[in-house]
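Since the structure comes first, as structure tokens, the remarks are kept for the end.
Numbering (this note's numbering), first residue to last: 10 to 69.
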């Protein structure tokens, strides 16, 4: 038996579709998030590497 009930809210889809072009523009209104991303990724890589006893600066 397969139940096909979605938890996707159509209004949320519409909201994010409306901002999609701006989202990917590094000079657009989401510029602060684009600027933060390298720092965020460094943090994530460091945390994962530490958890698995790896060098975070090593090549993948």
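Glycine included, C-beta positions come from ideal geometry on N, C-alpha and C. Bear in mind the structure is a predicted one, so any value in this text is a computation, not a measurement.
Helix, strand or coil for residue i per DSSP?
i          : result
residue 21 : helix
Please check the pair residue i and residue j, which I expect to be a contact at CB under 8 Å, by giving their CB distance rounded to whole angstroms.
i          : j          : result
residue 31 : residue 39 : 6 Å
residue 65 : residue 54 : 5 Å
Inset, instruction - With a floor of 4 residues, list each alpha helix (DSSP H) that falls wholly inside the segment 22 to 63, ordered by position along the chain. - result: 29 to 32 and 40 to 60
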